[in-house]
Amino acid sequence: MDELSTLQELLAEPPPEPEVVEAAWLRLERATLGTTSLRTRAAAKGWRAPGLLRRTAGPRRWSGWLAPVAAAAAVVGVILASLAISGVLLRPTGTGGADAAGAFAKVPRYFVALPMVKGRAIVAATATGSVLGTVAPPPKTTFAWAAGAGDDRTFVFAAGAPPKPGTSALDWGPVSFYRVVLSRSGHPGPLVHLPISPETAIISGLAVSPDGSKFAVSLLGRTNLQIGSKIQVFSLATGAGREWAWPGKGIIGDIPIGVGGTGEMSWEANSRTLLFQVTHRTGSGDPGQLRLLDTATPAGSLLTSSTKIPVSADEVGWQHNNATHRIIGVPLITGDGTKLVASFFHSSAAPKVFGFTITEFSVRTGKPVRVVYQRRTDTEAGSTDVMWVNNTGSAMIAIRPLPGHRTSVLGVQTPAKFTPLPLRTRRLLLHDDQGFSRLPVW
Amino acid sequence: MIVTGEPTGPPATDAAVIEQSWAEPEQFEAIFRRYFGRIHQYLAARVGGRIADDLAAEVFTAAFAQRQRYDLTRDCARPWLYGIATNLVGTYRRQEQRRYRALARAHAQGVTPSDEDLVAERVSAAAAGPDLAVALARLNSGDRDVLLLVAVAGLDNQEVAQSLGIPYGTVCSRLSRARMRLRESLGGTNPADSYGPGDIVRPAGGRKEQPNG
Chain A
1 MDELSTLQEL
11 LAEPPPEPEV
21 VEAAWLRLER
31 ATLGTTSLRT
41 RAAAKGWRAP
51 GLLRRTAGPR
61 RWSGWLAPVA
71 AAAAVVGVIL
81 ASLAISGVLL
91 RPTGTGGADA
101 AGAFAKVPRY
111 FVALPMVKGR
121 AIVAATATGS
131 VLGTVAPPPK
141 TTFAWAAGAG
151 DDRTFVFAAG
161 APPKPGTSAL
171 DWGPVSFYRV
181 VLSRSGHPGP
191 LVHLPISPET
201 AIISGLAVSP
211 DGSKFAVSLL
221 GRTNLQIGSK
231 IQVFSLATGA
241 GREWAWPGKG
251 IIGDIPIGVG
261 GTGEMSWEAN
271 SRTLLFQVTH
281 RTGSGDPGQL
291 RLLDTATPAG
301 SLLTSSTKIP
311 VSADEVGWQH
321 NNATHRIIGV
331 PLITGDGTKL
341 VASFFHSSAA
351 PKVFGFTITE
361 FSVRTGKPVR
371 VVYQRRTDTE
381 AGSTDVMWVN
391 NTGSAMIAIR
401 PLPGHRTSVL
411 GVQTPAKFTP
421 LPLRTRRLLL
431 HDDQGFSRLP
441 VW
Chain B
443 MIVTGEPTGP
453 PATDAAVIEQ
463 SWAEPEQFEA
473 IFRRYFGRIH
483 QYLAARVGGR
493 IADDLAAEVF
503 TAAFAQRQRY
513 DLTRDCARPW
523 LYGIATNLVG
533 TYRRQEQRRY
543 RALARAHAQG
553 VTPSDEDLVA
563 ERVSAAAAGP
573 DLAVALARLN
583 SGDRDVLLLV
593 AVAGLDNQEV
603 AQSLGIPYGT
613 VCSRLSRARM
623 RLRESLGGTN
633 PADSYGPGDI
643 VRPAGGRKEQ
653 PNG
């Protein structure tokens, strides 16, 4: 079996279900109704979805395509009604323009961006995109992870020898940890090696506490990604550490592809409570749990030292085959510890009604409490993600599409409006195709 | 009455159908019928089934809108449609990365190690999954487009060149580079050269232990 055959086997997908074909067919019909000749000719011939029941010709053509649209509208109506009933506030979102400086004042002034392949990290200003300095990895290493405290000063880097040809792409050499402190003007100080033993397990998450005093790293076992997951917390000043292990099967954080950054774990403002996600594999997907670790507890079991947030397991995790709504990725916790902020997705039966939102959930109840951005369309061309959130959830750095545009942009999202970051900042970070050219952390 | 919609008479070339659809738009149905399933499978392989449902529909909507610009000297519309599909994937790079990451997770966790696996490993897509998916994610987008048009869509190099609007030589070099990267992720050699799917390979002196579950 050569690499192409192996790849074919890995990516093999079944043919689409008939209702998917029909939904696509209906969309094509709708898209082409402006073509007079199509409408009249199709009506005359009873144009139909291939392989499906023929529809009656003539005026019923309209009902043929209106029915699913009406069904879609009904589904949207039900969703909106249910959100209204549950008290979720649907607020309008604006874009850019007015008072951009005010919006940028609500988020960290500086960020670090890791190159996606290798090379120097850059330090730049969020509001202007000005590059204030660069940070070189130690000789013969590449930056693998970075995370910021959100205090405009403290950043932690992980660097090691990248996987060699012929070895697993996850097989980094031992990874060491470093700190960089920015000056008041945002210029980076030296890369300082932290007195912590090099890490040989697979890093799946990194988060610096808001007071810049410690950082957490989540780790996966090398022989079995599901076994041996753990979280370690280290003092930046002394390197002293503490470790909590997840009993049994479970993956904390995410399997890293290339470089990794903030988001797999997040701290409350007390610099004591840490949000993490643990998932496990089942036949229908990877449901998960969101838990809060009290890092003041003694080292030991991650299960007993943490408490579960009552978000449904089906709404958390990865690749639920039948999920109609779920959190995308790992949520962030607000500094006050009251809310989770997440990119959220829902769908309904064909014809597809997709909804992409940025939603806040109550940590206490696990239920949605506010939708700060919503996009209800039958397709989501751009992706949505939250990369940083402030103490109360009143400001976040998010990536999302602008109204009327296909592509996503980075910007400051508040409940009232979305302010795109300056083009210069975005160009530092995003390719034209929306992939990150550098991974930013704040 | 169930209508299968099978065409009567000899099938027309795609180019002929598309030309007909300029004046008779409903003729475009034949293009939809011929290729929707394959385009959907290609997109599902890249961005996952749920997004593929929408993207595949978008491919044919876009193709219909662009049909009067179709190059009628090309009998087969397959490269054209895959080109549109690949361009649309370009706006979903982050979802594509998530898809490969999910694949890596699925294969990493889906294999339960036996005692035997602790000292040896089987070379198969399941075992290679995590590495392969990660390697795929790490390819640059241009190389990955070419690789997947060949491996998943089944286009030949000339068709890939047509599909992406790039020179034939560029296709060859991108494909070569992408295959080399995948081979490296599988251990640096073509597994078919040394052992088969059922063979047990001792790790000592061979490739390193897989981080699978």
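In order, the protein sequences belong to chains A and B. In terms of the working numbering, the first sequence is residues 1 to 442. In terms of the working numbering, the second sequence is residues 443 to 655. Where is the CB? At the ideal position from N, CA and C, for every residue including glycine.
With a CB to CB cut of under 7 Å and the five nearest residues on each side skipped, what residues in its chain are close to residue i?
i, result
"Arg616(B)", "Gly584, Asp585 and Val588"
"Asp456(B)", "Ile473, Asp517, Cys518 and Ala519"
"Ala161(A)", "Lys140, Thr141, Trp172 and Gly173"
"Ala494(B)", "His482, Leu485 and Ala486"
Kindly indicate if chain A contains any beta-carbon less than 7 Å away from that of residue i.
i, result
"Thr503(B)", "yes"
"Asp598(B)", "no"
"Ala593(B)", "yes"
"Leu523(B)", "no"
"Gln694(B)", "Residue 694(B) lies beyond the stretch modelled for chain B, which goes from 443 to 655, so this question has no answer here."
"Ala603(B)", "no"
"Asp513(B)", "no"
"Arg516(B)", "no"
"Ala458(B)", "no"
"Leu628(B)", "yes"
"Ala472(B)", "no"
Considering only the beta carbon of each residue, do residue i and residue j sit closer than 7 Å?
i, j, result
"Asp211(A)", "Ser271(A)", "yes"
"Leu290(A)", "Thr273(A)", "no"
"Glu468(B)", "Leu514(B)", "no"
"Ala416(A)", "Lys106(A)", "no"
"Ser266(A)", "Ile333(A)", "yes"
"Asn391(A)", "Ala269(A)", "yes"
"Ala593(B)", "Leu7(A)", "yes"
"Val123(A)", "Pro188(A)", "yes"
"Val409(A)", "Val112(A)", "no"
"Leu132(A)", "Gly205(A)", "no"
"Ser627(B)", "Leu545(B)", "no"
"Leu191(A)", "Val180(A)", "yes"
"Leu591(B)", "Val602(B)", "yes"
"Gln508(B)", "Trp464(B)", "no"
"Ile327(A)", "Val341(A)", "no"
"Ser605(B)", "Gly525(B)", "yes"
Could you give the C-beta distance for residue i and residue j, rounded to a whole number, given that I count them as a contact under 8 Å?
i, j, result
"Ala519(B)", "Ile481(B)", "In fact, because the Cβ distance is near 11 Å, the residues do not count as touching under 8 Å."
"Phe157(A)", "Val259(A)", "In fact, because the Cβ distance is near 10 Å, the residues do not count as touching under 8 Å."
"Trp145(A)", "Ile203(A)", "6 Å"
"Gln277(A)", "Ile358(A)", "The pair is not a contact, with the Cβ atoms about 17 Å apart (cut-off 8 Å)."
"Gly393(A)", "Lys308(A)", "Rounded, the Cβ-Cβ distance is 21 Å, inconsistent with contact."
Considering only residues of the same chain and omitting the five flanking positions on each side of residue i, which have a CB-CB separation below 8 Å?
i, result
"Cys614(B)", "Asn599"
"Ser306(A)", "Trp244, Phe276, Arg291, Leu292, Leu293 and Asp294"
Between the Cα of residue i and those of the options, spot the shortest distance and give me the residue it belongs to.
i, options, result
"Ala149(A)", "Ala296(A), Gly263(A) and Ala299(A)", "Gly263(A)"
"Val330(A)", "Lys214(A), Ser235(A) and Phe344(A)", "Phe344(A)"
"Arg109(A)", "Phe436(A), Arg326(A), Trp172(A) and Pro422(A)", "Pro422(A)"
"Val114(A)", "Leu402(A), Gly261(A), Leu194(A) and Arg400(A)", "Reading off the sequence, residue 114(A) comes out as Leu, not Val. Selected option, being the one with the closest Cα: Gly261(A)."
"Gly239(A)", "Ala201(A), Ala296(A) and Phe215(A)", "Phe215(A)"
"Glu22(A)", "Ala487(B), Ala498(B), Val489(B) and Val602(B)", "Ala498(B)"
"Tyr542(B)", "Arg488(B), Ser605(B) and Pro609(B)", "Arg488(B)"
"Trp199(A)", "Ile231(A), Val175(A) and Asp152(A)", "Checking the displayed sequence, the identity of residue 199(A) turns out to be Glu instead of Trp. Out of Ile231(A), Val175(A) and Asp152(A), Val175(A) has the C-alpha closest to the C-alpha of Glu199(A)."
"Thr282(A)", "Ser301(A), Glu17(A) and Lys249(A)", "Lys249(A)"
"Ala505(B)", "Arg621(B), Trp522(B), Gly491(B) and Arg540(B)", "Trp522(B)"
"Glu29(A)", "Phe502(B), Arg476(B), Phe478(B) and Tyr477(B)", "Phe502(B)"
"Ala207(A)", "Tyr373(A), Lys118(A), Pro14(A) and Ser235(A)", "Ser235(A)"
Answer yes or no: does any C-beta atom of chain B fall closer than 7 Å to that of residue i?
i, result
"Leu10(A)", "yes"
"Ala24(A)", "yes"
"Pro495(A)", "With chain A covering 1 to 442 only, the question about residue 495(A) has no answer from this structure."
"Ala71(A)", "Note that Ala71(A) scores a pLDDT of 38, beneath 50, so its modelled location is shaky and nothing firm can be said."
"Leu7(A)", "yes"
"Leu4(A)", "yes"
"Pro16(A)", "yes"
"Glu199(A)", "no"
"Ala43(A)", "For Ala43(A), the predicted structure reports a pLDDT of 33, less than 50, and the residue's modelled location is therefore unreliable. The matter cannot be settled from this model."
"Arg27(A)", "yes"
For residue i, I'd like the list of residues in its chain whose CB is within less than 6 Å of its CB, leaving aside the five on either flank, ordered along the chain.
i, result
"Arg375(A)", "Phe356"
"Ala136(A)", "Arg120"
"Ala450(A)", "Since the first residue shown for chain A is 1 and the last is 442, residue 450(A) is missing from the structure and cannot be characterised."
"Asp2(A)", "none"
"Val233(A)", "Lys214, Ala216, Arg242 and Thr295"
"Thr419(A)", "Gly96, Ala100, Ala103, Gly411 and Val412"
"Tyr477(B)", "Leu523"
Along chain E, which residues have their Cβ under 7 Å away from the Cβ of residue i?
i, result
"Arg520(B)", "In the structure shown, chain E does not exist; the protein chains are A and B."
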